[in-house]
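Numbering (numbering that gives the first Met the number 0), first residue to last: 0 to 939. Even glycine gets a Cβ: it sits at the ideal position worked out from N, Cα and C.
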Amino acid sequence: MSDLFSPDSEVIWQKKWNEARLFEQDIRDNRPKFYCLEMYPYPSGKMHMGHVRNYSIGDAVARYKRMMGFDVLYPMGFDSFGMPAENAAIKENAHPHEITERNMASITDQIKRMGFSYDWRRQLKSHDPRYYRWNQWFFTKFMEKGLAYQAFAPVNWCSQCETVLANEQVKAGRCWRCNGPVLQKGMSQWFLDIPKYAQELVDGLDTIQFPENVKSLQRDWLGRSEGAEIKFAIEGSDEELTVFTTRPDTLFGTTFVTLAPEHPLAATLVAGTEHEAEWQVLYDEVSAMSEFDRIKNMNKKRGVPLGAFAIHPLTGERIPIWAGNFVIASYGTGAVMAVPGHDERDFDFAKSYGIPIRRVLVKNENDDPNAELKKAECELGWMVNSALDGFDGLYGEDAKTAVIDALAAQGSGTKTINWKIRPWLVSRQRYWGTPIPVIHCDSCGPVPVPAKDLPVELPRDVVFGEGNPLETSASFLAADCPSCGTPGRRETDTMDTFVDSSWYFLRFTDALNDELCFDEAKANHWMNVDFYCGGIEHAQMHLIYARFWTKALRDLGLHQIDEPFNELLCQGMVNKSAPWCEPCGLTFSVDHAGKPCPHCEGPLTERSAKMSKSLGNTVSPEDMIERYGADTVRLFILFAANPTAGMDWSDTALEANYRVMMQLYGMPERLASWDGEAGDMDVWFEGRLKQRVAEFKAAMDTYDLRRAVELSHYELVKDVNWYTRRGGNNPVLAKRILRHWAHMLSISTPHLAEEWWSVLGMEGLISGAEMPSLDSITAEEQNALDGETTTRSFLESARKIKDVAERHLDGPAKTATIIVAPTWKRELAITALEFLEQGGNPKQFISVLSQMEIAQGDRKGEIMGFWGKKMLPQVFKWDDDSRVLIRSSLDEVASLTQRAAFIAEELGLDEVVVVLGESEEDKTGRAGGAMPLSPAVVYA
RNA sequence: GCAGGGGUGGCUGAGGUGGUCAAAGGCGCCGGGCUUAAGAUCCGGUCCCGUAUGGGUUCGUGGGUUCGUAUCCCACCCCCUGCACCA
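1) Per DSSP, what are the beta-bridge partners of Asn942 in this structure?
2) Go through its chain and collect everything with a Cβ distance to Val338's Cβ below 6 Å, but skip five positions before and after it.
3) List the whole-angstrom C-beta distance separating His126 from His94, where the pair is believed to meet the contact cut-off of C-beta under 8 Å.
4) Just verifying my parser: in three-state terms, what is the DSSP assignment at Glu239?
5) Would Pro620 be called buried (16 or more neighbouring beta carbons within 10 Å of its own) or exposed?
6) Would you mind listing the alpha helix (DSSP H) stretches within the segment 724-763 that are 4+ residues and don't spill past its ends, in chain order?
7) So is Phe463 buried or exposed if we call it buried at 16+ other beta carbons inside 10 Å?
8) Let's test the definition: count the other Cβ atoms within 10 Å of the Cβ of Asn729 and tell me whether it reaches 16, buried, or not, exposed.
9) Does the structure place the segment 194-208 close enough to the segment 556-569 that three or more beta carbon pairs sit under 8 Å?
10) Check whether the segment 517-527 touches the segment 477-485, taking contact to mean three or more Cβ pairs, one atom from each stretch, closer than 8 Å.
11) Which whole-angstrom value is the C-beta distance of Leu704 and Ile110, which I expect to be below 8 Å?
12) For Arg825, which of Arg62, Ile885, Thr617 has the nearest alpha-carbon?
13) Assess contact between the segment 886-896 and the segment 782-798, defined as three or more Cβ pairs (one per stretch) separated by less than 8 Å. Is contact present?
14) Report, in whole angstroms, the separation of the C-beta atoms of Ala812 and Lys801, which I expect to be a contact under 8 Å.
15) Just the C-alpha distance for Ser116 and Leu505, rounded to the nearest angstrom, thanks.
16) In the DSSP assignment, what are the bridge partners of Tyr41?
17) Three or more beta-carbon pairs under 8 Å between the segment 188-202 and the segment 545-554, yes or no?
18) Using CA coordinates, which residue listed in Pro436, Cys480, Asn641 is at the minimum distance from Gly444?
19) Between which two residues does the alpha helix (DSSP H) holding Tyr63 run?
20) Are the CB atoms of Val303 and Glu277 within a distance shorter than 7 Å?
21) Taking only runs that begin and end inside the segment 640-678, name each unbroken alpha helix (DSSP H) of 4 or more residues, in chain order.
22) Please report the straight-line C-alpha distance between Val589 and Lys350, rounded to a whole angstrom.
23) Quick one: Cα of Val912 to Cα of Ala671, how far?
24) Any idea if Asp2 is buried or exposed, counting beta-carbon neighbours within 10 angstroms, 16 or more meaning buried?
25) For Gly928, which three-state DSSP category applies?
26) Taking Pro247 as the reference, which of Leu146, Ala87, Lys144, Ile416 has the closest Cα?
27) Report the partner residues of Ile817 according to the DSSP bridge assignment.
28) Look at the Cβ atom of Met382, then the Cβ atom of Asp388, and state whether they are nearer than 7 Å.
29) On a CA-only basis, which of Cys569, Gly306, Cys160, Thr631 is nearest Met946? Give me that one, please.
30) Please work out which residues of its chain come closer than 8 Å, Cβ to Cβ, to Gly333, disregarding the five sequence neighbours upstream and downstream, and give them in chain order.
31) Please work out which residues of its chain come closer than 6 Å, Cβ to Cβ, to Thr508, disregarding the five sequence neighbours upstream and downstream, and give them in chain order.
32) Comparing C-alpha positions only, which one of Phe844, Pro821, Ser849 sits nearest to Gly927?
33) Mind checking Leu773: buried by the 16 CB within 10 Å criterion, or exposed?
34) For the candidate residues Lys689, Ala939, Cys532, whose alpha-carbon lies nearest to that of Ile817?
35) Could you tell me the boundaries of the alpha helix (DSSP H) in which Asn134 lies?
36) Taking the C-alpha atoms as reference points, what is the distance between Ser158 and Asp492?
Here it is in structure tokens:
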């Protein structure tokens with residue numbers, strides 16, 4: 000074992016990289032660029048395994064691209080605004096700024112200890128005024144364009160976090176961060192008009208390489224739905240009401256109209272009627288409820304008639320207007336036309352309130368138009384019972400279009416596209432975020448802070464713990480109106496921290512620029528991000544916001560990029576086993592290991608679960624690095640599973656990887672001790688190296704990191720072993736092999752690669768070196784590769800047969816005769832392959848065969864049978880290489896004869912003889928089982 | 001309910017454009033070399049059967065297409081993820 004390795008030596012290499020400024024990448028002419036990015040972390044104090052995995056993947060890609068000659072932009076920064084720091088500040092009676100800086104310092108050390116190849120010059124942090132001033136500047140620009148605006152609206156309020164939340168941040172009616180209940184509250188808040196970009200956000204998904212599930216998540220969230228808006232006049236009123244529907248073809252079946260209880264018209268219409276009190280009860284109940292409870296109660300459909308009637312736009316029929324608890328105020332128009340015959344919800348509602356149900360569609364063209372509806376028929380159908388002529392008999396899209404056209408003709412309806420996504424609520428009533436750069440003036444209203452006055456810095460003289468801390472800073476609050484100069488009041492809301500992460504990747508392209516948010520040319524050069532790696536949990540928040548923001552900045556003329564991220568890779572979770580009760584279906588903390596299930600008293604087994612504090616199954620990266628080194632941890636993480644798959648942490652597997660590392664550390668020394676000369680196997684190894692390099696590149700180009708690492712850290716070791724086993728021991732060749740091999744090691748275990756590089760006496764650092772390209776495989780090398788491959792596969796089957804054979808012999812086998820398939824079999828194979836490659840049907844080959852010379856004479860029947868039973872299946876089993884081999888000049892007899900001594904040794908035999916089947920020398924009479932590339936063997 | 005992704009050998013997990021698949025790799029287990037020994041390492045084995053290189057049964061279940069299917073088609077069952085009375 001080598002004494003080269005100690006965890007400290009890794010730090011020394013890191014220092015050298017740093018001193019050489021290897022990873023400080025600027026734009027160079029005529030070089031391809033590659034932008035590699037990981038989702039920048041929130042700076043909690045400690046790096047966890049999820050970080051380690053995320054960055055190990057990204058670093059491998061960055062190092063690979065660098066070594067392939069790309070200019071690689073690979074930066075790191077911190078998403079350092081946010082509530083955890085503010086909450087910690089309240090608890091510790093400290094300031095979020097100090098807490099954040101402290102945490103950043105410690106997590107930065109830990110990240111650096113892993114040896115990732117970041118350009119640290121470009122490090123950015125969201126809470127730096129030099130960064131967030133641009134958030135503010137963008138915001139004022141958005142205000143000018145009407146993309147940012149203030150509005151009074153019912154919003155999601157988390158009382159635990161004491162702030163509002165965007166729709167994306169409400170998960171199952173609860174706060175995404177603290178899981179507390181979310182209430183609806185009417186408040187004046189700031190919004191960004193994401194829906195304006197909805198169509199582009201949907202279309203863009205087809206142009207980028209995101210995982211299918213992420214695309215589907217985003218499409219769901221954007222929620223495009225085609226339909227129509229239809230206006231209903233209200234009897235005895237100048238007001239009209241608009242509904243949104245995806246099913247205009249059912250318009251003639253409308254027997255009532257339902258409004259959300261909060262719909263503004265509801266209050267107006269019901270006022271003064273006998274139903275007012277009843278409506279008030281429904282309204283109070285619904286509006287006070289958290290959305291979570293509301294959804295739970297929605298399956299009990301309840302409604303109140305509003306005492307008013309709408310006029311059907313096509314028939315003029317009087318239709319009662321209701322308020323219903325199942326209609327959502329903020330979707331569509333907050334009003335629906337109710338068609339109980341063809342909508343389940345309306346059907347239930349109509350049944351319980353005795354409203355007529357009318358059939359206006361039939362499932363099959365000639366069905367009875369008056370058949371009773373036992374339940375709502377929601378599928379598309381043929382129109383029947385239309386009150387007007389010209390509609391009956393229409394189906395599907397035609398039916399919809401006909402109705403919309405009729406409505407449009409009289410100005411009471413239009414085709415529309417409705418989106419589920421709603422404006423992004425960006426204001427927060429918390430301290431630790433970007434202050435919204437607005438001054439409220441009694442006469443001018445909300446006025447954006449002019450660019451020259453930015454940034455609006457967070458004040459330090461604030462009190463935490465009671466409401467919005469910014470409201471406690473007198474110095475902050477007082478501000479003169481930029482427009483008229485009279486005293487105004489500064490906006491105290493801050494921006495959602497997702498604003499910070501919506502453009503940081505652009506800032507990285509020019510992070511040190513104090514004049515501009517980023518230089519346009521630089522941004523255009525580096526963007527978009529070629530490889531973006533992070534967790535799936537950001538699929539609909541961060542990744543939608545960032546795509547939106549990029550497009551919005553493009554439209555401000557700041558750059559020309561349409562999509563921020565070209566390829567997204569969502570890495571899987573890091574899991575570790577934890578006690579698990581099968582019958583109860585519950586996972587328990589590791590404290591319960593070995594004890595009975597706390598619920599059913601049954602025995603607990605183990606099951607892998609996401610690492611978490613509550614389960615106690617976490618592993619500290621720091622400890623692991625200290626014991627095994629960063630390289631070992633990286634190797635394990637990359638090798639344990641594909642990047643996108645979940646992986647299980649395993650201490651024993653980690654130790655196994657550590658052994659591999661130790662073995663590799665000793666490899667240059669071991670090979671240097673070889674004392675042989677150039678030999679036959681050298682050709683093989685040269686060819687093998689070329690093969691391995693090609694496989695490695697292919698794996699890396701598809702981000703199959705597991706395979707790449709397997710090649711670099713496992714397969715090549717096996718190749719060395721095979722080489723020596725076959726008698727190779729040329730130290731000169733070894734050195735050449737090691738030099739190329741070192742590059743492959745360097746993407747996952749860079750410190751190890753540097754050790755090799757220096758032991759090999761190479762100039763400089765391998766992390767800064769490009770990988771030299773290799774010539775293509777020569778015919779001689781190919782021949783050697785083929786010879787060894789066939790020998791290996793022969794040995795494998797010969798060993799199995801040997802066991803069986805020895806049962807028939809008196810004692811252990813002493814000699815073997817290898818019978819190579821007779822030439823006619825090869826001829827048959829070649830002819831069949833050609834026939835099939837030209838598109839021939841296997842069934843018809845029999846007629847070709849009967850014409851062949853080899854199939855004439857008294858062996859005809861035998862040969863025809865051989866085709867059907869043995870050759871036909873075999874012909875398809877040969878891979879491309881084997882097919883080439885069969886047609887090549889490979890002389891199986893010669894190839895095996897050359898290796899006969901080795902084969903004898905491997906099989907523990909005194910002698911091995913190779914003969915051509917059915918030839919003079921073949922005395923065995925056992926050539927029947929021999930196939931091309933797969934000789935028979937007879938033991939004696 | 002809707003959408004997306006899955007169900008593979010003792011475990012884990014590749015493959016999946018039909019033939020290179022009894023099915024990679026890892027773990028575990030077994031045997032051998034090396035060693036005083038252990039560990040490490042190297043070599044081999046690890047579905048079942050087998051008087052010789054072969055046969056049988058396997059990739060959630062049941063059908064189908066094909067000379068051939070883990071791979072294609074249909075139906076069903078189960079698991080995960082997201083959205084969810086969205087009109």
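Let's see:
1) What is shown of the chain runs 0 to 939, which leaves residue 942 out entirely.
2) Thr249, Gly252, Thr253, Asp345
3) About 11 Å; that fails the 8 Å criterion.
4) strand
5) buried
6) 730-745, 749-758
7) buried
8) buried
9) yes
10) no
11) Incorrect: roughly 19 Å between the Cβ atoms, too far for contact.
12) Ile885
13) yes
14) 6 Å
15) 19 Å
16) Tyr41 is not bridged to any residue.
17) yes
18) Cys480
19) 48-66
20) yes
21) 650-671
22) 54 Å
23) 36 Å
24) Confidence at Asp2 is low in this model, with a pLDDT of 48, below 50, so the placement of that residue is unreliable and no value is reported for it.
25) helix
26) Ile416
27) Val913, Val936
28) no
29) Beyond the ends of the chain as shown, which are 0 and 939, falls residue 946; an answer cannot be given.
30) Leu258, Ala259, Glu261, His262, Val326, Ile327
31) Phe517, Lys521, Ala522, Trp525
32) Pro821
33) exposed
34) Ala939
35) 128-144
36) 16 Å
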